[in-house]
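Data first, discussion second: the structure below is written as structure tokens.
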Amino acid sequence: MRNTSDLERIGVKMKNNHKNTFSIIVFFLILTASAMLSACGGAKHESPAPQPSSATPAGHSEHGGAATSNAAYQFDWRFLPSEVKPGEPVRISYALKDSSGRAVTQFDEVHEKLTHLILVSSDLAYFDHLHPELKDGEFSISTTLPSSGNYKLYADVTPTGGSQQLAPHAFRVFGDAAPSPAPLRVDEQSTKIFGDLSVTLKASPQSLQGGKDAALTFVLKDAGTGKPVTDLDRYLGAFGHCVIISEDTEQFLHTHPTQEGEEMKGMEMKGDQKEEHGEHSKKAPHQHAEMKGTGGPDVIFHTTFPASGLYRIWGQFSYHGKIVTADFVVRVQ
Ligand SMILES: [Cu+2]
1274 MRNTSDLERI GVKMKNNHKN TFSIIVFFLI LTASAMLSAC GGAKHESPAP
1324 QPSSATPAGH SEHGGAATSN AAYQFDWRFL PSEVKPGEPV RISYALKDSS
1374 GRAVTQFDEV HEKLTHLILV SSDLAYFDHL HPELKDGEFS ISTTLPSSGN
1424 YKLYADVTPT GGSQQLAPHA FRVFGDAAPS PAPLRVDEQS TKIFGDLSVT
1474 LKASPQSLQG GKDAALTFVL KDAGTGKPVT DLDRYLGAFG HCVIISEDTE
1524 QFLHTHPTQE GEEMKGMEMK GDQKEEHGEH SKKAPHQHAE MKGTGGPDVI
1574 FHTTFPASGL YRIWGQFSYH GKIVTADFVV RVQ
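When the letters of the sequence shown are read in order and numbered with this note's numbering, they come out as residues 1274 to 1606.
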């Protein structure tokens, strides 16, 4: 994982809003499966940005900005070099255009970043959570993919004055000897060791159902001492982040813990829960020491799996200064 180095920049962004729900759940269906197999080939790729299904029109779009929440946005993707090779750095870039074709240059920070980018291999064996930098209206970041094959990106941005935008983009890494995709297997062990954490995933209901509410509880113990963890660090403004992707990579959910109690009332959780911003917002980057809430041992994510099938779940936590990514495969009936 490469995001360990982000830790130094972690802070807590406080906001004078009045939300009492702490999870954003975003999910979208990719209607253009054809894009999945298209190689990047050097050309710019445009993929429509589906509105997340849970997005409600932002109540404060009168603030103005680059776009309204109802605008249709387009993402332009670029890869340099255009032919991505395993083991060789590639610069991945994306820019957003509004419905009139204008480049969007102003974005809101959500979870302390202007954008979040999830990168997976099409068999979900590879996972990365990246934070590209914005420059001249374009987000970009360099990374190196370990092996050839098909990959998928999920970019998440919130244009200022608009609503959260999510865009999937598939691309191929060229090279011989692409490893054959590893089929997903439901984890038989519900407890696994990841870095310094022993992580148990508990699903409620135990038999997950498509279309029904579910709670995923990550129970965290110190892998060395076996003691329950109660001192998680905040990672990008939350005690945990959870990304869920379906086996066919068409469904993507990103959620945050829901249990953090009253102490969390001021936390910024944007996306579909857009709240007012501007003069009321204030940054308090060093407040996490004072914040209560639950830094373990249970970190609970509420979500709704859109349909039956296999899903891979990645829970991300910061423990003793290191990002730990704990992944499990579950079956949804
Ligand atoms: Cu992120």
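Every residue, glycine too, gets a C-beta built ideally from N, C-alpha and C.
query: Any non-hydrogen atom of ligand 1 within 7 Å of HIS1529 CB; result: no
query: Alpha carbon of VAL1377 to alpha carbon of LEU1489, nearest angstrom; result: 36 Å
query: Any non-hydrogen atom of ligand 1 within 7 Å of LYS1475 CB; result: no
query: Candidates ILE1365, TRP1587, GLN1479: closest to SER1415 by CA position; result: ILE1365
query: Nearest to PHE1444 (by Cα), restricted to the options GLY1435, ARG1458, TYR1427, GLY1468; result: TYR1427
query: Backbone secondary structure at ASP1600 - three-state DSSP; result: strand
query: Beta-carbon contacts of PHE1491 that lie in its chain and below 7 Å, excluding the five residues immediately before and after; result: VAL1472, LEU1474, GLY1513, VAL1572, GLY1588, ALA1599
query: Buried or exposed by the 16-neighbour rule on C-beta atoms within 10 Å, applied to SER1326; result: Per-residue confidence for SER1326 stands at a pLDDT of 36, beneath the threshold of 50, marking its modelled position as unreliable; the derived number appears in the next sentence. Counting Cβ neighbours within 10 Å, SER1326 comes out exposed, since fewer than 16 surround it.
query: Span separating the alpha-carbon of VAL1516 from that of GLU1411; result: 24 Å
query: Pairwise C-alpha distance: THR1464 and ALA1511; result: 23 Å
query: Length of the line joining the Cα atoms of SER1453 and SER1421; result: 10 Å
query: Local conformation of THR1522 per DSSP, three classes; result: coil
query: Near ligand 1: HIS1404 beta-carbon under 7 Å from a heavy atom; result: yes
query: Option nearest ASP1581 by Cα separation, candidates SER1591, LYS1595, PRO1530, ILE1518; result: For clarity, residue 1581 is Ser in the given sequence; the question names Asp instead. That would be ILE1518, whose Cα lies nearest to the Cα of SER1581.
query: Proximity test, HIS1389 beta-carbon vs ligand 2 heavy atom, cut-off 7 Å; result: Ligand 2 is absent from the structure shown, which contains only ligand 1.
query: Reduced DSSP category for THR1567 - H, G, I as helix; E, B as strand; rest coil; result: coil
query: Complete runs of the beta strand (DSSP E) confined to the stretch 1340–1402 [at least 3 residues]; result: 1347–1353, 1362–1370, 1388–1394
query: GLY1594 and PRO1501 closer than 8 Å at C-beta; result: no
query: Presumed contact (8 Å Cβ cut-off) between SER1372 and ALA1398, rounded CB distance; result: Incorrect: roughly 37 Å between the Cβ atoms, too far for contact.
query: Residues bridged to ARG1458 (per DSSP); result: Paired residue(s): none; ARG1458 is not in a bridge.
query: Whole-angstrom distance between ASN1423 and HIS1389, CA atom to CA atom; result: 20 Å
query: Near ligand 1: LEU1457 beta-carbon under 7 Å from a heavy atom; result: no
query: LEU1493 CB to nearest heavy atom of ligand 1 below 7 Å; result: no
query: Strand pairing of THR1528, partner residues [DSSP]; result: CYS1515
query: Residue of PHE1574, VAL1393, HIS1575 minimising C-alpha distance to ALA1455; result: VAL1393
query: Start and end residues, beta strand (DSSP E) containing ARG1445; result: 1438–1446
query: Range covered by the beta strand (DSSP E) that runs through LYS1494; result: 1486–1495
query: Reduced DSSP secondary structure (H/G/I, E/B, other) of GLY1483; result: coil
query: 8 Å Cβ cutoff met for LEU1369 and PRO1432; result: yes
query: Own chain partners of HIS1384 with C-beta closer than 6 Å, once the 5 adjacent residues on each side are dropped; result: LEU1509, GLY1510
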